[in-house]
Amino acid sequence: PVYKGDPAKGKVIVDQVCAACHGVDGNSAGSNYPSLAGQHQKYIHDQLQAFKGGVRKNPVMMGMAAPLSDDDMWNVSAYFSSQKIKPREANDKTQMVLGKQVYRVGNPVTRVPACMACHGPAGSGIPDKFPRLSSQHAAYVLTQLNNFKVGTDRKNPVMSDIASRMSDAEMKAVAEYISGL
Ligand code: HEM
Ligand code: HEM
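Everything in the sequence shown is counted per the working numbering, starting at -11 for the first residue and increasing by one.
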């Protein structure tokens, strides 16, 4: 489906508020701030509603989402999703063997499914279903996997189950692998 949202109106908000952390074009500099460029529009919108409703907890983003109307959320998500994600390379190449294994195969012993099954071989995800992961900062990805595992700040039936089956070593490795996808 095509969603409402005016990228030009979204850019006004992004320039004033979001760019400081997420970058003017959605490619963020800081490794704890997710890049939003090329992320699927509905996913961005829905995460903003989750922060506003307190379902996804992060003190900074709850404050950012609070004043946004639903139309604002469609507008900023239209803007970010229209931007191009800049390809990155993984920093820690020693994690690539295990990271690739987890991403592409999973762990049959602990029943961790292949990430690729939903997020795609290149990490592009599927609009309306699975978020893009490619070129996302490893530190941010690792934080989210831990959040899903703990279940206090972020919950999702699918991802919380998967994260609960993963070891710290698997999470660290797959986060690095994803950052270079
Ligand atoms: C996460 C949007 C401003 C820091 C997110 C996410 C979205 C978003 C959609 C979730 C991304 C994902 O799930 O992949 C926005 C918008 C902003 C804004 C539209 C402006 C209105 C800011 C600012 C900061 C910031 C100014 C820093 C002061 C963060 C952090 C996270 C995040 C730390 C990760 C939260 C977590 O760990 O759950 N933002 N953001 N954002 N944003 Fe923003
Ligand atoms: C979200 C990683 C496997 C479905 C996410 C996010 C990460 C992630 C980091 C948050 C993205 C963000 O904040 O921008 C992984 C890894 C996997 C894996 C490392 C393999 C070990 C899967 C599989 C499925 C799936 C197999 C489908 C059966 C989802 C869904 C979301 C998500 C639906 C969105 C959750 C929400 O709305 O909060 N995944 N994923 N993932 N993933 Fe996965």
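Where is the CB? At the ideal position from N, CA and C, for every residue including glycine.
Just so you know, these numbers come straight off a predicted model, no measurement behind them.
With DSSP run on the structure shown, which of helix, strand or coil describes residue i?
i, result
"residue 73", "coil"
"residue 79", "coil"
"residue 100", "strand"
"residue 46", "coil"
"residue 95", "strand"
"residue 12", "coil"
"residue 25", "coil"
Below 7 Å, is the gap between the Cβ of residue i and the nearest heavy atom of ligand 2?
i, result
"residue 150", "yes"
"residue 49", "no"
"residue 118", "yes"
"residue 171", "The structure shown has nothing for residue 171, since the chain only spans -11 to 169."
Quick one: does the C-beta of residue i sit closer than 7 Å to a heavy atom of ligand 1?
i, result
"residue 106", "no"
"residue -4", "no"
"residue 56", "yes"
"residue 52", "yes"
"residue 46", "yes"
"residue 32", "yes"
Would you call residue i buried or exposed, if buried means 16 or more other Cβ atoms sit within 10 Å of its Cβ?
i, result
"residue 173", "For the chain, the structure presents residues -11 to 169; residue 173 sits outside this window and is missing."
"residue 180", "It is not possible to answer for residue 180, since the shown part of the chain is limited to -11 through 169."
"residue 98", "exposed"
"residue 87", "buried"
"residue 60", "buried"
"residue 158", "buried"
Comparing the CB of residue i with every heavy atom of ligand 3, is any distance shorter than 7 Å?
i, result
"residue 83", "Although ligand 3 was asked about, the structure shown includes only ligand 1 and ligand 2 as ligands."
List the DSSP bridge partners of residue i.
i, result
"residue 118", "114"
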